[in-house]
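Novice: Numbering (my numbering), first residue to last: 13 to 99. In this text, a Cβ means the ideal position worked out from N, Cα and C, and glycines have one as well.
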């Protein structure tokens with residue numbers, strides 16, 4: 013019998029930018045990337061739609077999300093934990 017192990021799942025940390033949907037949140041991850049030619053640091057933003065089962069996130073919260081199976085057309089991440097509440 014084969015030993016079935018799960019692959020490691022991607023995790024991201026970001027800030028909740030929208031919670032207007034039912035059981036869904038939009039999380040923005042901001043990265044500082046150095047421009048290849050000019051050397052200036054540029055902010056790159058990536059948005060993820062994540063599943064929030066208990067509907068307890070608010071805008072401005074810092075959260076950790078994890079990759080999961082597709083739950084809808086755009087939603088393939090789920091909320092793991094709320095790291096910091098918005099003030």
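1) Going by the beta-carbon positions, is the gap between residue 45 and residue 27 smaller than 8 angstroms?
2) Are the Cβ atoms of residue 62 and residue 94 separated by less than 8 angstroms?
3) Along the chain, where does the beta strand (DSSP E) that runs through residue 40 open and close?
4) Ends of the beta strand (DSSP E) at residue 86?
5) Which partner residues of residue 57 appear in the DSSP bridge assignment?
6) With which residues is residue 74 paired in a DSSP beta bridge?
7) Go ahead and pull the three-state DSSP assignment for residue 79.
8) If you draw a straight line from the alpha carbon of residue 92 to that of residue 54, how long is it in whole angstroms?
Specialist: Concretely, from the data shown:
1) On the chain shown, position 33 is the one that residue 45 refers to. On the chain shown, position 15 is the one that residue 27 refers to. It is not a contact, given that the beta carbons lie outside the stated cut-off.
2) For the purposes of this step, residue 62 is taken as the residue at position 50 of the chain shown. For the purposes of this step, residue 94 is taken as the residue at position 82 of the chain shown. Contact: no.
3) Taking the first residue of the chain shown as position 1, residue 40 is located at position 28. Where residue 40 is concerned, the enclosing beta strand (DSSP E) stretches over 36 to 46.
4) Indexing the chain shown from 1 puts residue 86 at position 74. No beta strand (DSSP E) holds residue 86; DSSP gives it neither H nor E.
5) As a working note, residue 57 is residue 45 in the chain shown. Bridge partners of residue 57 according to DSSP: 42.
6) Mapped onto the chain shown, residue 74 falls at position 62. DSSP output for residue 74 lists 27 and 96 as bridge partner(s).
7) For the purposes of this step, residue 79 is taken as the residue at position 67 of the chain shown. Strand, per DSSP.
8) By one-based count along the chain shown, residue 92 stands at place 80. By one-based count along the chain shown, residue 54 stands at place 42. Taking the straight line from one Cα to the other gives about 28 angstroms.
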